[in-house]
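**Student:** There's a structure below that I have some questions on.
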Amino acid sequence: MTPKTVELNEAQLAQIIDRARSQPEPALEIARAIIEQDEQHREQEFQNATTYLLEKNRELYRRLSQ
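Under numbering that gives the first Met the number 0, the first residue of the sequence shown carries the number 0, and numbering increases by one thereafter.
Written out as structure tokens, the structure is:
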């Protein structure tokens, strides 16, 4: 696993601390889960944008390939 440095604003830090206090999981595991969810969300947004652009430009790509 590659170490990462993550900058958090006060609200994000408070969220991690609150979850750590209310759940039996260690704070580090909670932080990892939050970061993983964020990365998955960003990946899905990227995939959606890529699909949209490919669909939008399908006719252009077809003409250019001829």
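Built from N, CA and C at the ideal position, the CB exists for glycine as well.
Bear in mind the structure is a predicted one, so any value in this text is a computation, not a measurement.
Tell me whether E28 sits in a helix, a strand or coil according to DSSP, three-state version.
**Tutor:** Position 29 of the sequence shown holds residue 28. DSSP places E28 in helix when its eight states are reduced to three.
**Student:** Please state the DSSP three-state secondary structure of L7.
**Tutor:** Numbered from its first residue, the sequence shown carries residue 7 at position 8. If DSSP states are grouped into helix, strand and coil, L7 belongs with coil.
**Student:** Go through its chain and collect everything with a Cβ distance to V5's Cβ below 8 Å, but skip five positions before and after it.
**Tutor:** Taking the first residue of the sequence shown as 1, we reach residue 5 at position 6. Within the same chain, A30 and I34 come within 8 Å of V5 by CB-CB distance, once the 5 residues on both sides are set aside.
**Student:** Given L12, which residues of its chain have a CB within under 6 Å of its CB, disregarding the five upstream and five downstream residues?
**Tutor:** One-based indexing of the sequence shown puts residue 12 at position 13. Cβ within range, chain order: n/a, list empty.
**Student:** Roughly how many angstroms separate the alpha carbons of A10 and S64, rounded to a whole number?
**Tutor:** What you label residue 10 is simply residue 11 of the sequence shown in a count that begins at 1. What you label residue 64 is simply residue 65 of the sequence shown in a count that begins at 1. Between A10 and S64, the C-alpha separation is close to 50 Å.
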